[in-house]
Amino acid sequence: MRVIFMGSPDFAVPTLYALTTAGHEVAAAYCQPPRAAGRGKTVQPTPVQRAAELLVIPVHTPSTLRGSQEQEEFAGIGADVAVVAAYGLILPPAILAAPRLGCLNVHASLLPGWRGAAPIQRAIMAGDAITGVTIMQMDAGLDTGPMLAAHEFAIDNKNAGEVTKELAIIGAQLMVQVLADFDSYPHVPQPDEGATYAAKIRKEEARIDWAFPAEQIEHQVRGLAPFPGAWFEANGERIKLLAAEVIAGEGRPGEVLDENLCIACREGALRPLGVERAGEGPMGPGELL
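In this note's numbering, the protein residues as written are 192 to 480.
Right, dumping it as structure tokens:
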């Protein structure tokens, strides 16, 4: 097929490569504009832009798709389908209708659960045991379109970064399977029952409150690792908690219980397995102490 690919972060890159490997003609790649990032605040292209340029695919980085010029340019590509994976911009009706088969999205949850911007983080923070990937036909709603295929995935004790990498590969493979035999995949409407919303992670959600149960805090730590990272304060210093395990223990919430930096919570305690000080790399709790 003649494909327009729309994505921005690392999660989207495996799908772009899978499309080209499967023999599809990726006529254009759309991604977020380059932005300042890192300590030096240098302007950097998105991972998808870097990958597309290596594949010699024309790259478009509009800040919006609402303008008539952008919409005419998009339609003029004459795509059979647009494949979307964590693009980051709202697709207006004119964009959704331009490709012959519409726009298909690789969404990192089992819809209708966790529609929205942060499905992987929210699933882990909520303590879900299972997540997955859904291929859906996009409509004007927020991840509300009909579903074509889905694949379940056990979270186990993985953090958000690890789950993202694995779901990116699964989603890429699933999208290629759907495109290979598009007409055989029925469009199944999403049920209203079980719908949940995965709101974007707010900065204040990264701060650990030891007045919560240890199990809930451990979910928070995994859901926010490696970025933005859950953190706590010790002696006025902000310290990221990269990984932890729930253990038995009692004390005042926030009290350090032993020489292994085990910290009391409202219920149970947490043993840090990895921490990070500002300006330094990851280290063990003993190293921090």
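Every residue gets a Cβ at the ideal spot worked out from N, C-alpha and C, and that includes glycine.
This structure is a prediction, so every number in the text was calculated from the model and none was measured.
Within 10 angstroms of the Cβ of residue 418, are there 16 or more other Cβ atoms? Answer buried if so, exposed if not.
Classification of residue 418: exposed, given that the 10 Å Cβ count is below 16.
Look at the Cβ atom of residue 366, then the Cβ atom of residue 271, and state whether they are nearer than 7 Å.
Contact flag unset, no.
Can you give me the Cβ contacts of residue 291 inside the same chain, cut-off strictly under 6 Å, excluding the 5 residues immediately before and after it?
Counting only Cβ-Cβ distances below 6 Å, and skipping sequence neighbours, we find 271.
Just checking my contact of residue 315 with residue 413 at CB under 8 Å: how many whole Å lie between their CB atoms?
Right, the Cβ-Cβ distance comes to about 5 Å (below 8 Å), so this counts as a contact.
Any idea which residues DSSP pairs residue 388 with across the strands?
Residue 388 is bridged to 306.
Cβ of residue 456 within 6 Å of any heavy atom in the ligand PLP?
Ligands displayed in this structure: none; no statement on the ligand PLP is therefore possible.
According to DSSP, is residue 463 helix, strand or coil?
In the structure shown, residue 463 sits in a strand (DSSP, three-state: E or B).
Going by CA-CA distance only, name the one from 226, 242, 236 that's closest to residue 205.
If we check each option's Cα against that of residue 205, 242 comes out closest.
Just the Cα atoms here: how many angstroms apart are residue 199 and residue 221?
Spanning the two alpha carbons is a distance of roughly 8 Å.
Considering only DSSP beta bridges, list what residue 235 is partnered with.
Paired residues: 226.
Using the Cα positions of residue 433 and residue 374, report the straight-line distance between them to the nearest angstrom.
Distance between the alpha carbons of residue 433 and residue 374 is about 45 Å.
Could you check if residue 240 is buried or exposed, using at least 16 other CB atoms within 10 Å of its CB as the buried criterion?
Its Cβ being crowded by 16 or more others within 10 Å, residue 240 is buried.
Looking at the strands, I want to know which residues DSSP matches up with residue 318.
Paired residue(s): none; residue 318 is not in a bridge.
Flag this pair as touching only if the region 228 to 240 and the region 256 to 274 have three or more C-beta atom pairs under 8 Å; answer yes or no.
No: fewer than three Cβ pairs fall under 8 Å.
Which runs of the beta strand (DSSP E) fall wholly inside the region 359 to 427 and span at least 3 residues, in chain order?
Runs found: 421 to 425.
To the nearest angstrom, how far is it from the Cα of residue 349 to the Cα of residue 245?
Approximately 31 Å between the Cα atoms of the pair.
Give the list of continuous beta strand (DSSP E) stretches no shorter than 3 residues that lie fully inside the region 234 to 278.
Whole beta strand (DSSP E) segments, 3+ residues: 272 to 276.
Rounded to the nearest angstrom, what separates residue 460 and residue 407 at their Cα positions?
Answer to the nearest angstrom: the Cα atoms are 11 Å apart.
Tell me where the alpha helix (DSSP H) around residue 477 begins and ends.
First-last of the alpha helix (DSSP H) with residue 477: 476 to 479.
Take residue 372 as the anchor and find which of 345, 296, 339 has the nearest alpha-carbon.
The residue with the shortest Cα to Cα distance from residue 372 is 339.
With a threshold of 8 Å on Cβ separation, who are the neighbours of residue 480 within its own chain once the five nearest residues in sequence on each side are excluded?
Within the same chain, residue 480 has close Cβ partners 450, 452.
My output table needs one value for residue 473: the three-state DSSP class, helix, strand or coil.
In the structure shown, residue 473 sits in a strand (DSSP, three-state: E or B).
With H, G and I counted as helix, E and B as strand and the rest as coil, what does DSSP make of residue 336?
In the structure shown, residue 336 sits in coil (DSSP, three-state: anything other than H, G, I, E or B).
Tell me whether residue 431 sits in a helix, a strand or coil according to DSSP, three-state version.
Of the three classes helix, strand and coil, the one that applies to residue 431 here is strand, per DSSP.
From residue 336 to residue 195, what distance separates their C-alpha atoms?
Residue 336 and residue 195: Cα-Cα distance of roughly 19 Å.
Where does residue 298 land, buried or exposed, given buried means 16+ other C-beta within 10 angstroms?
By the 10 Å Cβ count, residue 298 comes out buried.
So residue 431 and residue 308 are in contact, right, with Cβ under 8 Å, and what is the actual spacing, rounded?
About 22 Å; that fails the 8 Å criterion.
What does the alpha-carbon distance come out to for the pair residue 294 and residue 233?
Going by the C-alpha atoms only, they are around 33 Å apart.
Please look up how many angstroms separate the CB atoms of residue 306 and residue 333, rounded, as I've assumed it's under 8 Å.
Sure, about 6 Å apart at Cβ, within 8 Å.
Between which two residues does the beta strand (DSSP E) carrying residue 207 extend?
Element bounds for residue 207: not the beta strand (DSSP E) but the alpha helix (DSSP H), 204 to 212.
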